[in-house]
Amino acid sequence: MKTKKKIFFVIPTLSAGGAERVISFVAQELDREKFDVTLIIIGFEKDNKYDVSSIPVVYLNKSRVLKGAFPLLIMFQKEKPKMVVSTISNLNVIMGLISVFFSNVIFIGRHTFIIKNPSKNIETKKTNRSKIKSTFNYWNYGNKNLDYFICQSADMKQSIIDVYGIDSKKISIINNPVTQTEIIKNNSSQGAVKKYITIGRISEGKGYIRILEILAKLSFPFQYTIIGEGAYYDIVFSKIRELGLNDKVNYIRFTNNVSEYLVDHDMFLQGSYSEGFPNALLESCAVGTPVIAFNVPGGTKEIIEDGINGFLVDNDDDFLEKLNDNREWNPEIVRESVYKKFNKNKIISDYEKFFIEISD
189 MKTKKKIFFV
199 IPTLSAGGAE
209 RVISFVAQEL
219 DREKFDVTLI
229 IIGFEKDNKY
239 DVSSIPVVYL
249 NKSRVLKGAF
259 PLLIMFQKEK
269 PKMVVSTISN
279 LNVIMGLISV
289 FFSNVIFIGR
299 HTFIIKNPSK
309 NIETKKTNRS
319 KIKSTFNYWN
329 YGNKNLDYFI
339 CQSADMKQSI
349 IDVYGIDSKK
359 ISIINNPVTQ
369 TEIIKNNSSQ
379 GAVKKYITIG
389 RISEGKGYIR
399 ILEILAKLSF
409 PFQYTIIGEG
419 AYYDIVFSKI
429 RELGLNDKVN
439 YIRFTNNVSE
449 YLVDHDMFLQ
459 GSYSEGFPNA
469 LLESCAVGTP
479 VIAFNVPGGT
489 KEIIEDGING
499 FLVDNDDDFL
509 EKLNDNREWN
519 PEIVRESVYK
529 KFNKNKIISD
539 YEKFFIEISD
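Written out as structure tokens, the structure is:
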């Protein structure tokens with residue numbers, strides 16, 4: 189009987205977020221006969237938004253990722269994992285730096301976004317050009333030290349190659365899974381008031397402003413639900429007031445019942461300027477609710493089948509035109525379009541094959 193492969197999954201927190209949800213899901217779904225899994229959280233148990241009770245979990249109780257570096261180094265030295273999987277860019281860099289002390293451990297960085305401008309990845313603003321160069325080299329060095337990368341889309345893979353010069357042979361594409369399959373819309377709602385929804389971090393890059401400006405041009409009754417939180421909240425809600433949409437927008441900071449909200453709406457709207465692999469959009473299709481999204485870099489175009497589970501648009505006018513398209517959608521067809529490609533059994537199998545291939 190083969191020895192189980194010891195694998196550590198390391199994430200900053202278990203707060204609400206696509207990367208956190210996917211990693212915690214994958215860690216719990218791997219075959220227990222093949223893998224000995226531990227989930228390591230840099231942050232605090234009190235911040236948890238996801239149930240991870242089925243696997244061993246270690247909380248480092250650190251307020252910042254950098255403060256977790258030394259405890260992780262000690263833990264790796266003691267426990268001797270075969271593989272370490274990290275996610276989120278700054279944590280991946282730290283894992284790459286730590287990797288120099290562990291030649292027998294395979295370090296894997298799960299990337300989560302499209303890199304357009306490397307300097308934007310530097311979290312601390314610096315005015316001294318030499319300091320910026322030094323920090324950027326730090327990021328390059330850490331990333332290049334990782335043994336492998338997992339990306340969710342072809343565009344994401346290409347961005348890593350272009351920015352960091354990573355060998356394409358070190359990068360594997362594994363899409364995010366559909367994690368919910370029990371709930372599905374009964375039929376395509378054609379109510380008097382159209383109900384739209386967007387779920388995601390409230391940031392500039394998510395494109396809430398352009399969605400609101402497009403919605404303000406509609407001539408029929410509608411309601412728009414926003415679920416999420418983020419630093420761009422004040423700007424987004426200032427725009428809502430400016431456009432006179434106060435009575436048309438519903439806001440929910442966080443919910444564990446995402447699927448129930450998606451089922452209750454007619455269409456999911458995505459305004460993002462780039463998306464690594466949009467989990468909320470995928471989940472919307474998985475419950476049978478169609479989507480409208482801009483054709484931007486990332487995995488969106490790998491999910492949307494135009495006219496089958498939604499629309500992929502090129503500009504604001506096209507988006508508005510599709511909002512005015514009053515066609516009926518078949519929830520079963522919308523659901524099947526993503527389930528056949530991204531069902532959890534397929535994606536978990538892809539992860540298991542990848543881990544076995546690189547560690548045998």
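Residue 342 in the working numbering sits at position 154 of the sequence shown; the count goes up by one each step and never skips. The C-beta atom is built at its ideal place from N, Cα and C for all residues, glycine as well. Small disclaimer: the values here were computed from a predicted structure and weren't measured.
According to the DSSP assignment, Y420 belongs to no beta strand (DSSP E), since it is labelled neither H nor E. A Cβ-Cβ separation of about 7 Å places F223 in contact with F543 under the 8 Å criterion. Under the three-state reduction of DSSP, V245 is assigned to strand.
In the DSSP assignment, R298 falls within the beta strand (DSSP E) that extends over 294-298.
For V198, the enclosing beta strand (DSSP E) begins and ends at 193-199. In the structure shown, G498 adopts extended strand secondary structure according to DSSP, grouped into three states.
Y439 and F482 have their alpha carbons spaced roughly 22 Å apart. Non-local C-beta neighbours of R441 in its own chain, meaning closer than 7 Å and more than five positions away in sequence, comprise E417, ordered along the chain. The residue among I286, A419, W327, E233 with its C-alpha nearest the C-alpha of I262 is I286. Our two residues, I492 and P478, have alpha carbons roughly 9 Å apart in a direct line.
When C-beta atoms of the stretch 493-510 are compared with those of the stretch 352-364, fewer than three pairs fall below 8 Å, so the two segments do not count as touching. Close CB contacts of N533 within its chain, under the 6 Å cut and outside five residues either way in sequence, are absent.
Note that the C-beta distance between L254 and F295 is not below 8 Å. Distance from the CA of I338 to the CA of L400, rounded to the nearest whole angstrom, comes to 34 Å. DSSP lists G486 as the bridge partner or partners of E463. For N531, the three-state secondary structure derived from DSSP is strand. Residue environment analysis places E217 among the buried positions, since at least 16 neighbouring C-beta atoms fall within 10 angstroms of its C-beta.
Taking 8 Å as the cut-off, the Cβ atoms of G459 and R523 do not count as close. Note on geometry: alpha-carbon atoms of A468 and I546 lie some 30 Å from one another. DSSP links M455 through a beta bridge to Y384. In this structure, G464 sits away from S291, with a CB-CB distance that is not shorter than 8 Å.
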